[in-house]
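Using numbering that gives the first Met the number 0, you'd call the opening residue of the sequence shown number 0 and step up by one each time.
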Amino acid sequence: MFKTFRISFRLRIAYRVNSILYSLKQLPLLKRWLPGALYASRALKGFALVIALLWEVLTVFLNNGLYLGVCMLLPMQMLLLPVDAFAHIYFFLTIAGALCNCRVFDPTKDKYYAIILMRMDAKNYTIAQHIYTVLRVLVGTESFLLVGVWFLQLPLWLCLLPFGVVAAKTLSVAWSLFRFEKSGFVRNENSPVRVVWGTIALCFLFAYGALPLRVFLPSVLVAGSALLSVVLSLFAFGYLLSYRSYRPLAQQLLGQKTAALRVNIDAIKDENFKKNISEDQSITSQKRGYAYFNELFIKRHQRLLWRYAKRIALIALALFLVGGIALYQFPQAHGEVRQLLMTYLPYCIFLVYSFHSGKSVVQAMFRNCDHSMLTYSFYRRKEVILSLFRLRLFDVIRINLLPALVLGIGYASLLFICDPSNLWTCLMVIVCVVGSSILFSIHFLACYYLLQPYNEATETKSSTYGIVMAVTYLICFAFIYLRMDVWLFGTLMIAFSLVYGIVAYLLIGRYAYRTFRLRN
Numbered sequence: 000m001f002k003t004f005r006i007s008f009r010l011r012i013a014y015r016v017n018s019i020l021y022s023l024k025q026l027p028l029l030k031r032w033l034p035g036a037l038y039a040s041r042a043l044k045g046f047a048l049v050i051a052l053l054w055e056v057l058t059v060f061l062n063n064g065l066y067l068g069v070c071m072l073l074p075m076q077m078l079l080l081p082v083d084a085f086a087h088i089y090f091f092l093t094i095a096g097a098l099c100n101c102r103v104f105d106p107t108k109d110k111y112y113a114i115i116l117m118r119m120d121a122k123n124y125t126i127a128q129h130i131y132t133v134l135r136v137l138v139g140t141e142s143f144l145l146v147g148v149w150f151l152q153l154p155l156w157l158c159l160l161p162f163g164v165v166a167a168k169t170l171s172v173a174w175s176l177f178r179f180e181k182s183g184f185v186r187n188e189n190s191p192v193r194v195v196w197g198t199i200a201l202c203f204l205f206a207y208g209a210l211p212l213r214v215f216l217p218s219v220l221v222a223g224s225a226l227l228s229v230v231l232s233l234f235a236f237g238y239l240l241s242y243r244s245y246r247p248l249a250q251q252l253l254g255q256k257t258a259a260l261r262v263n264i265d266a267i268k269d270e271n272f273k274k275n276i277s278e279d280q281s282i283t284s285q286k287r288g289y290a291y292f293n294e295l296f297i298k299r300h301q302r303l304l305w306r307y308a309k310r311i312a313l314i315a316l317a318l319f320l321v322g323g324i325a326l327y328q329f330p331q332a333h334g335e336v337r338q339l340l341m342t343y344l345p346y347c348i349f350l351v352y353s354f355h356s357g358k359s360v361v362q363a364m365f366r367n368c369d370h371s372m373l374t375y376s377f378y379r380r381k382e383v384i385l386s387l388f389r390l391r392l393f394d395v396i397r398i399n400l401l402p403a404l405v406l407g408i409g410y411a412s413l414l415f416i417c418d419p420s421n422l423w424t425c426l427m428v429i430v431c432v433v434g435s436s437i438l439f440s441i442h443f444l445a446c447y448y449l450l451q452p453y454n455e456a457t458e459t460k461s462s463t464y465g466i467v468m469a470v471t472y473l474i475c476f477a478f479i480y481l482r483m484d485v486w487l488f489g490t491l492m493i494a495f496s497l498v499y500g501i502v503a504y505l506l507i508g509r510y511a512y513r514t515f516r517l518r519n
């Protein structure tokens, strides 16, 4: 098994090295200076190898550190909650993670290369990858918890919780393998079923909805659940070792019946896309030209484009209803909550960015429309690009307006409950949140037209686009730590959104006819 893991690890690192070299070649300032025989250069390959290995190690701590900081410690800090809140949140998010983030059922390329093309032992590969995945979680999380125990005086028993995460993921994998053996159902983490989505939503509701009420699961119950899960996972891991259907599972998950990798991986996604595309021949439009073309696309793909926004809006609405009920039940907390809401409005920017569907909407536009239309030269003319940009911008704004309004009105409602005399401030909150949503709609669509990162397989092939998205995330994440008055922050955000929209439109009119093209 160790030999299988060593080969698969080298395969993944080699794939990442080639991706880094390709990304370097795509950077505007570097592509002229890098040699044509880029992949044969030992110096550059050595540099890329160091970056790939460092990134592999760094993500162990970075991902788990952000998870603990943003999902647990930050809400505790904002609401001044006890340690029991940490264990309460961790318990429910562990259940959610076990349902959607085990990696065994993720149809990745390196998995396809290893099991399908290289004919590696599917059992050894799967078990080795599962052990590696849970060890990454265990090492990364335990490191930060031990730092918290030492510097933040957190109780030592919290270090038991990551073992519960490892156990929960193992139990989840064993259950999914059992389902495949009995019913032939293949779990695909890229397209969870409705039951999984519903359970995840409930987990988030129970995790964060109870925080304003200050009603948490007893720490003894959380610790006991972790211990029980560890014991049960020992039997589950024995089931993993004795399981015999790993290769049939991998063949069905990765789609071995087709010959090409792009077709294999995308066949899984295409099935889900087609289910959400209307084939109603009666759908039509009264508009003309490209407006007619765009409206037909939006109507036929309405379910696909609106699905995520509706789910986020419902979850946010449920959380705000729970928060509103809690404030009515505990009026003594109004002063403290009002102070938090007045200073933590910048945190909403990170929430708006995190739940904004602009990136997935433009990806759907490319996948179901532009990847074919870009083969025609007239589709890349300046007037055509600007016309479609205006039409699509309205649609992206409209789609994301639903969750933005729920977030803005919900936030303002909580502020109004705490201080009914602050009506104008509540209105400014709504305008600020909606304006932020519009800003991100402009940003995602402008980046799509100016950097067009996708190839025909809808794979991101632009390193510049990746850098821009990473910088955007870091800037939005920094807003978590910004403390500013509501009126000042709202005024600055609205002004910046207007300026950004004008600049983006001018840049698209000037450069998009050259950048809006299919990637190789």
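Where is the CB? At the ideal position from N, CA and C, for every residue including glycine.
Scanning its chain for C-beta atoms nearer than 7 Å, with the 5 sequence neighbours on each side dropped, one finds around residue 429 the residues 407, 408 and 411, in chain order. For residue 490, the enclosing alpha helix (DSSP H) covers residues 485-514.
Looking at 513, 159, 481 and 152, the one whose alpha-carbon comes closest to that of residue 451 is 513. Beyond the five residues adjoining it in sequence on each side, residue 148 comes within less than 6 Å, by CB distance, of 155 in the same chain, given in chain order. When the Cα atoms are used, residue 131 and residue 459 turn out to be separated by approximately 26 Å.
At the C-beta level, residue 160 and residue 86 come within 8 Å of one another. Here residue 459 is bridged, per DSSP, to 453. The beta carbon of residue 51 sits closer than 8 Å to those of 12, 15, 16 and 19, all from its chain and outside the five residues before and after it, given in chain order.
Membership of residue 202 in the alpha helix (DSSP H) is indicated by the continuous run 193-208.
Looking at 362, 251 and 329, the one whose alpha-carbon comes closest to that of residue 416 is 329. For residue 342, the uninterrupted alpha helix (DSSP H) run begins and ends at 333-342, by DSSP. Scanning 477, 5, 506 and 101 for the CA closest to the CA of residue 346 turns up 477. In terms of Cβ geometry, residue 127 and residue 3 form a close pair [threshold 8 Å]. Judged by pairs of C-beta atoms under 8 Å, the segment 478-497 touches the segment 418-434, as three or more such pairs exist.
Short of 7 Å from the beta carbon of residue 427, and not among the five residues preceding or following it, lie these beta carbons of its own chain, in chain order: 485, 486 and 489. Residue 302 carries a helical assignment under DSSP once its states are collapsed to helix, strand and coil. Inter-residue distance for residue 246 and residue 114 is about 8 Å (C-alpha atoms, whole angstroms). Judged by DSSP in its simplified three-state form, residue 15 adopts helix. Within the same chain, Cβ atoms closer than 8 Å to the Cβ of residue 216 are found at 83, 86, 87 and 90, the five residues on either side in sequence being excluded. Contact annotation: residue 228 and residue 163 have beta-carbon atoms nearer than 8 Å. Nearest Cα to residue 447 within the set 497, 424 and 385: 385. By the CB criterion at 8 Å, residue 469 and residue 507 fall outside the cutoff. Here DSSP, grouped into helix, strand and coil, assigns residue 518 to strand. DSSP places residue 122 inside the alpha helix (DSSP H), whose first and last residues are 121-150.
From the listed residues 117, 64 and 200, the smallest Cα separation to residue 95 is found for 200. By the C-beta density criterion, residue 133 is buried, having at least 16 other C-beta atoms within 10 angstroms.
The count of Cβ pairs closer than 8 Å, one atom from the segment 219-238 and one from the segment 341-358, stays below three, leaving the stretches out of contact. Per DSSP, residue 252 is one residue of the alpha helix (DSSP H) stretching across 245-253. Residue burial annotation: residue 360 is buried, with at least 16 other C-beta atoms found within 10 angstroms of its C-beta. For residue 156, no alpha helix (DSSP H) run applies, since DSSP gives it neither H nor E. Around the beta carbon of residue 194, fewer than 16 other beta carbons lie within 10 angstroms, which makes this residue exposed. Residue nearest to residue 207 within the set 223, 71, 326 and 112 is 71 (criterion: CA-CA distance).
Straight-line measurement puts the Cα of residue 336 at about 15 Å from the Cα of residue 482. For the set 176, 344 and 56, the Cα lying nearest the Cα of residue 142 is the one of 56. Annotation for residue 183: no alpha helix (DSSP H) segment contains it, and DSSP assigns it neither H nor E.
Just measuring C-alpha positions, the residue of 158, 371 and 339 sitting nearest residue 78 is 339.
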